[in-house]
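Novice:
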Amino acid sequence: MAPCLATQGRSVGTSVEVEHLAPVPEGFVVACRARVIHYSGAVVTFQVEAHDGADLVARGLHRRRVIVVDRFARRVALGRPARRGLRPASCSSFPMMAG
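First residue of the sequence shown: 15, per the numbering used here; consecutive thereafter.
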């Protein structure tokens, strides 16, 4: 994506759609590949595939949006009204993620 990014640009993921096709035996290495299939304005769509060396085990789409970092950071800092004054949660706030 580097050619699509301006000096102050980055990309953020906006959606992931994955179809799981087959189980992977323990110990197998899974290799993933993504290729650009569409680019429109600031949105880039990738086709993604995962292979375990024998089978295609997953496929799907991933979309990313090109952003200007400082403008994005200002918008995040302003936040939505419902989020203002809240602090980020730690993993310990979620019992299923606590170590």
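All residues carry an ideal CB built from backbone N, CA and C; glycine is no exception.
Give the range of the beta strand (DSSP E) segment to which residue 75 is assigned.
Specialist: Element bounds for residue 75: 70 to 82.
Novice: Taking residue 27 as the reference, give the member of 43, 56, 40, 39 with the closest Cα.
Specialist: It is 56 whose Cα lies nearest to the Cα of residue 27.
Novice: Indicate the three-state DSSP secondary structure (helix, strand or coil) for residue 86 in the structure shown.
Specialist: Three-state DSSP puts residue 86 in a helix.
Novice: How would you label residue 47, buried or exposed, when you count the other beta carbons within 10 angstroms and need 16 or more for buried?
Specialist: Exposed, by the Cβ-count rule.
Novice: What is the DSSP secondary structure of residue 91, counted as helix, strand or coil?
Specialist: Looking at residue 91 - three-state DSSP - the assignment turns out to be helix.
Novice: Please go through the segment 39 to 65 and give each complete beta strand (DSSP E) segment of 3 or more residues, from N-terminal end onward.
Specialist: Correct list: 45 to 54, 57 to 65.
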